[in-house]
Amino acid sequence: MALDPALLARAVALLRAGELVALPTETVYGLGADAANPAAVAKIFAAKGRPADHPLIVHLPGSAWLDRWAADIPQAAWDLAEMFWPGPLTLILKKQPWVPEAVTGGQDTVGLRVPGHPLALELLKAFADAGTPGGIAAPSANRFGRVSPTRAAHVAEELGGQVPLILDGGPCQVGIESTILDLSRGQPELLRPGYFSPQRLAEVLGEMPGVRPGQGAPRVPGALESHYAPITPVRLIAPPRLLDFLTLQRHAGNRCGVLAYDQPAQAGMPHPWRLLPADPAGYARDLYDALREFDHLGLELIVVEAPPPDPGWNAVQDRLRRAAVST
Ligand code: TXA
Ligand code: MG
């Protein structure tokens, strides 16, 4: 997959002019701006309706750009970059003094990652070749607190009027946001679970990362309880209780959508039913698309067949728990 040259040139020109460009990554679509331009970064916060003290992830074309943005880089960061970049891992490192506060939420650290999507990499390389420091700041391209977009159409439906260009790179293959690892404080700490499990990271780190859940900590919006929430309320139901629960809901006159991974739709059940893949990677890839689809149906409730309490499902469990705290 490659970008049409005219489109690529337009995307780079928009970024250089301080405008927003939505771009595909392998995790979710991002709402991108020139990370070295505070006025451009301010447009991200305005479009998302996101509080301005929340730090953004800066996307880079390759690890060769790492020391342009980060300082005091520990060996572990280079090792992880070598192993997992391009890919769904964000590293929190001490920032170089020049990195704008608008990007870091006023902190002395910066979140960096090299995304694994070919269009994102093409854009990042062209942007760097245009003489910039090569960083595109990009949070997930959704309104603050809502489900992240995994297709270009999701971005258009949510932010269409506010983004001059949305690059379409097809459906995202990972489907949930990157793993975030903080390497700025000595002991590595996991801030957000994702595609790469703590065990995978430990193979490179030589130790298991600590976990800093940061529940409610304003500096890590992904750690706010009700993040990633659809508008329709979500309930997680253990598999053995699923059918009884649905019967009760039906008798109460509640229209439910069902997100299952194990139990197929039953004959005679009136509920919209989506059977997601029964493996965590496949489930993660389709989850946000399914939540969005159900959100459009005007349901009273989205009922989720709770996935197994297995470590391989941790990142999915994390996103489902947050979706279920919707207000
Ligand atoms: O997969 C992803 O990471 C996607 C794609 C677009 O790359 N991006 C994404 O961005 O999920 P966003 O802004 O929705 O979430 C970024 C997370 C937030 O929880 C933010 O607080 C955290 O990264 N973060 C960024 N910089 C940080 C820093 N310096 N210290 C601590 N947390 C940071
Ligand atoms: Mg987000």
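Numbers 3 to 329, taken from my numbering, label the letters of the sequence shown in order. Even for Gly, the Cβ is constructed at its ideal location relative to N, Cα and C.
| query | result |
| --- | --- |
| Quick one: using the 10 Å Cβ neighbour count with 16 as the cut-off for buried, is Val149 buried or exposed? | buried |
| The alpha helix (DSSP H) spanning Val30 covers which residue range? | Where Val30 is concerned, there is no enclosing alpha helix (DSSP H), given that its DSSP letter is neither H nor E. |
| Excluding the 5 residues preceding and the 5 following Val318 in the sequence, name in chain order all residues of the same chain whose CB lies nearer than 8 angstroms to its CB. | Ile178, Pro282, Tyr285, Ala286, Leu289, Pro309 |
| Would you kindly work out how many angstroms separate the C-alpha atoms of Val105 and Leu62, rounded to a whole number? | 14 angstroms |
| Sorted by chain position, which residues of the same chain lie with C-beta nearer than 6 angstroms to Pro195's C-beta, five sequence neighbours on each side aside? | Asn316, Ala317, Asp320 |
| Short of 7 angstroms in beta carbon distance, which residues of its chain neighbour Pro311, apart from the five on each side in sequence? Order them along the chain. | none |
| Can you check DSSP and say which residues form a bridge with Leu93? | Leu114, Leu183 |
| Starting from the C-beta of Met85, find all residues in its chain whose C-beta is less than 6 angstroms away, skip the five residues before and the five after it, and write them out in chain order. | Val206 |
| From Glu21 to Gly163, what does the alpha carbon distance come to, in whole angstroms? | 13 angstroms |
| With the ligand MG as the reference, list in chain order each residue whose Cβ lies under 6 angstroms from any of its heavy atoms. | Pro141, Ser142, Ser150 |
| Within the continuous beta strand (DSSP E) that includes Ile304, where are the two ends? | 303 to 307 |
| Could you compute how far the alpha carbon of Ile75 sits from the alpha carbon of Asp69? | 7 angstroms |
| For His152, is the beta carbon positioned less than 7 angstroms from some heavy atom of the ligand TXA? | Looking at the sequence provided, one finds Thr at residue 152 rather than His. Outside the cutoff, so no. |
| Alpha carbons only, please: which of Leu192, Leu169, Glu307, Arg276 is nearest the one belonging to Pro7? | Leu169 |
| According to DSSP, is Trp275 part of a helix, a strand, or is it coil? | strand |
| Hey, would you say the C-beta of Gly177 is under 7 angstroms away from at least one heavy atom of the ligand FAD? | Looking for the ligand FAD in the displayed structure turns up nothing; the ligands present are the ligand TXA and the ligand MG. |
| Does the pairing of the stretch 248 to 267 with the stretch 292 to 308 give three or more beta-carbon distances under 8 angstroms? | yes |
| Suppose you measure from the CA of Phe129 to the CA of Cys258; what does that come to, to the nearest Å? | 46 angstroms |
| Are the stretch 141 to 155 and the stretch 28 to 37 touching by the rule of at least three beta carbon pairs closer than 8 angstroms? | yes |
| Identify whether Leu125 lies in helix, strand or coil by the three-state DSSP scheme. | helix |
| Just to confirm my understanding: we take Asp291, look at its own chain, exclude 5 residues before and 5 after, and list those with CB closer than 8 angstroms. What are they? | Thr152, Arg153, His156, Pro173, Gly177 |
| For Ala37 versus Val43, is the C-beta spacing smaller than 8 angstroms? | yes |
| What are the boundary residues of the alpha helix (DSSP H) that Ala21 is part of? | According to the sequence as given, residue 21 is Glu; it is not Ala. Glu21 -> no alpha helix (DSSP H), and no H or E assigned at all. |
| Tell me, please, which residues DSSP counts as bridged to Val260. | Trp275, Val305 |
| Measure the alpha-carbon distance for Gly270 versus Ala122 and round it to whole angstroms. | 45 angstroms |
| Rounded C-beta distance between Leu9 and Glu124? I'm assuming under 8 angstroms. | Contact flag wrong, Cβ pair sits at about 10 angstroms. |
| Below 7 angstroms CB to CB, which residues in the same chain sit around Ala267 once its five sequence neighbours on both sides are set aside? | Trp275 |
| Our contact map puts Leu192 next to Leu93 with C-beta atoms below 8 angstroms; I'd like the distance itself, whole angstroms only. | About 12 angstroms separates the two Cβ atoms, so there is no contact after all. |
| I'd like to check one pair, Gln189 with Gly371: are the Cβ atoms closer than 8 angstroms? | Any question about residue 371 goes unanswered here, given that the chain covers just 3 to 329. |
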